[in-house]
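Engineer: Quick one: the structure is below, questions incoming.
Residue numbers (the numbering used here): 6 to 122.
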């Protein structure tokens, strides 16, 4: 299983991506279409049209890593909207990889306070 650190952001490219792309093609897609920095160390997730294959691209201190999962049966519940890139947490990526939907798996909203009264 793939477990990103809690400090790492995860960006999901909604809709289908051409899975013939490898590290170079996906890093260009991150920079030009998603308008994000592929060298940031954050994770960038992509899924194919059939929704049976996912690739996750990230920079690891001295080179790119490409994580790839292909389902032999079933489909990923990947967001299909062609809207903007989705920012999710590592546990939500784990939900997607386990076949769960982001729509139905939302837990409690994360709260951030600057001052305790």
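Beta carbons: idealized from backbone N, C-alpha and C, even for Gly. Quick caveat, the model's predicted, so the values are computed rather than measured.
In this structure, how does DSSP classify residue 96 when only helix, strand and coil are distinguished?
Structural biologist: Residue 96 falls in the helix class under three-state DSSP.
Engineer: Is residue 35 helix, strand or coil by DSSP?
Structural biologist: In this structure, residue 35 counts as helix in the three-state DSSP scheme.
Engineer: Have a look at the DSSP bridge pairing and note the partners of residue 49.
Structural biologist: For residue 49, which the question treats as bridged, DSSP gives the partners 16 and 62.
Engineer: May I have the straight-line CA-CA distance separating residue 83 from residue 77, to the nearest angstrom?
Structural biologist: One C-alpha to the other measures close to 16 Å.
Engineer: Going by Cα to Cα distance, which pick from 59, 75, 73 and 104 is closest to residue 18?
Structural biologist: Residue 18 has its Cα closest to that of 59, out of 59, 75, 73 and 104.
Engineer: Taking DSSP as the reference, what is the three-state secondary structure of residue 101?
Structural biologist: Three-state DSSP puts residue 101 in a helix.
Engineer: Span of the beta strand (DSSP E) holding residue 69?
Structural biologist: Counting along the chain, the beta strand (DSSP E) containing residue 69 begins and ends at 69 to 75.
Engineer: What whole-angstrom Cβ distance do residue 141 and residue 80 have, given they're in contact under 8 Å?
Structural biologist: This structure cannot settle anything about residue 141, because the visible part of the chain is limited to 6 through 122.
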